[in-house]
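Numbering (the numbering used here), first residue to last: 14 to 249.
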Amino acid sequence: MLAVPPWNEQATQTTWILGLFLLGYAAYYLFAESDYWRNYFSPHRGGPARHMLWSRYLGGLLIGVLPALILQLCTPHTLTEFGLKASFDLTSLWWILGLAFIIVPINYFNTRNDKHLAQYPTVRRQEWTWLQMIDYAGSWVVYLFGYELMFRGILLFGLLSVLGVWPTIILNVVLYVLVHLPKSMAESIGALPLGLLLCLITLSIGTIWVALVVHITLALSNFLFSFYHHPEMRRV
C-alpha cells in the first residue's frame, strides 16, 4: 500500500497554478460559448464579429492577466518569477527574426489555400476599415499576451521547481495541444513542435517575450495574408 504523503508547499503551488489555469479557461469558454452573450451581441451591437473580438479581449484577461495578478496578491510569488521581466537582449531578437523568417513565408503560401480561406479571417466581414483591422489585430495581441503569460509564464516557470524541466515541458505541451483541438487537427499537430520550441526558448532566455512576439507574428501574418488573398474581402 502506498502511503499518502503529507500536504506540502509544492502541492500548494501546483494547486494554485493548475487551479487558476482551469478556472481561467472555464470562465473564458463560459463567456465565448454562452448563448446569453451570443444573443447580447445582436446586429446593432456588432453581431458575431463583435462577440468574437470581445471574447478575445476578455480571454486575455481571464486566461493570463487575472491569474497572474491573483498569484501576485495571494502568494509569495512575483510576476518576474513567471517570465514577465523588463529584459530583452540580442539573443531574443535573433530568435524572433529567425522564427519570423520561417513563419511569415509559410503563412503567405498557406493562406492562398481555399480551405484555409473558408475559415480565415475568422471575422467574415467583406468590407474592412482601418479601425476594424486595428481592432481585430488588437484583440489578438491582448488575447495572446494573456495566453503566453499563462502557458510560457505561469505554467512553465511556476511548475518548474515542482516537477522538474522535462515533466513541466511535457505537461505544458500536452495542455497546449489540447486547447488547439477545438480548432482543427492540423493546428493541434502543429502546436506540438511549436509548443516544445517555445518552451525551450523561454526557459533558455528567462522571459516570455520571444514566445509572445513569435505567436503574435504567427497570428497577425495569418490574418493579413488571409485578408489579402480572400477574393471577397477588401479595405474601404
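Backbone N, C-alpha and C define an ideal beta-carbon position, used for all residues, glycine too. Here the structure is a predicted model, which is why all the values come from computation and not from measurement.
Are residue i and residue j touching if we call contact CB-CB under 9 Å?
{"i": "tyrosine 70", "j": "asparagine 235", "result": "no"}
{"i": "glutamine 26", "j": "leucine 188", "result": "no"}
{"i": "glycine 72", "j": "tyrosine 160", "result": "yes"}
{"i": "leucine 209", "j": "valine 227", "result": "no"}
{"i": "threonine 220", "j": "serine 100", "result": "yes"}
{"i": "valine 155", "j": "leucine 74", "result": "yes"}
{"i": "phenylalanine 240", "j": "tryptophan 141", "result": "yes"}
{"i": "glycine 77", "j": "glycine 37", "result": "yes"}
{"i": "proline 61", "j": "valine 136", "result": "yes"}
{"i": "leucine 233", "j": "alanine 150", "result": "yes"}
{"i": "proline 157", "j": "valine 186", "result": "Checking the sequence, you will find leucine at residue 157 rather than proline. Contact flag unset, no."}
{"i": "methionine 163", "j": "alanine 81", "result": "yes"}
{"i": "threonine 215", "j": "arginine 165", "result": "yes"}
{"i": "tryptophan 222", "j": "serine 105", "result": "yes"}
{"i": "leucine 213", "j": "isoleucine 182", "result": "yes"}
{"i": "tyrosine 121", "j": "phenylalanine 238", "result": "yes"}
{"i": "leucine 84", "j": "tryptophan 20", "result": "no"}
{"i": "leucine 194", "j": "leucine 184", "result": "no"}
{"i": "isoleucine 218", "j": "aspartate 102", "result": "yes"}
{"i": "glutamate 94", "j": "phenylalanine 170", "result": "yes"}
{"i": "serine 152", "j": "leucine 225", "result": "no"}
{"i": "arginine 138", "j": "histidine 242", "result": "no"}
Per DSSP, what kind of secondary structure is residue i in: helix, strand or coil?
{"i": "glutamate 245", "result": "coil"}
{"i": "glutamate 22", "result": "helix"}
{"i": "glutamate 161", "result": "helix"}
{"i": "glutamate 200", "result": "helix"}
{"i": "glutamine 85", "result": "helix"}
{"i": "glycine 219", "result": "coil"}
{"i": "glutamine 132", "result": "coil"}
{"i": "serine 234", "result": "helix"}
{"i": "valine 154", "result": "helix"}
{"i": "valine 17", "result": "coil"}
{"i": "phenylalanine 170", "result": "helix"}
{"i": "phenylalanine 54", "result": "coil"}
Where do the ends of the alpha helix (DSSP H) carrying residue i lie?
{"i": "asparagine 126", "result": "Per DSSP, asparagine 126 belongs to no alpha helix (DSSP H) and is neither H nor E."}
{"i": "alanine 62", "result": "60 to 73"}
{"i": "phenylalanine 101", "result": "Neither: phenylalanine 101 is in no alpha helix (DSSP H) and is coded neither H nor E."}
{"i": "phenylalanine 95", "result": "Phenylalanine 95 -> no alpha helix (DSSP H), and no H or E assigned at all."}
{"i": "proline 180", "result": "178 to 193"}
Can you name the residues that DSSP bridges to residue i?
{"i": "glutamate 46", "result": "Glutamate 46 is not bridged to any residue."}
{"i": "glutamate 140", "result": "Arg247"}
Would you check whether the ligand FAD has a heavy atom nearer than 8 Å to the C-beta of residue i?
{"i": "leucine 130", "result": "The ligand FAD is not part of the structure shown, which contains no ligands of any sort."}
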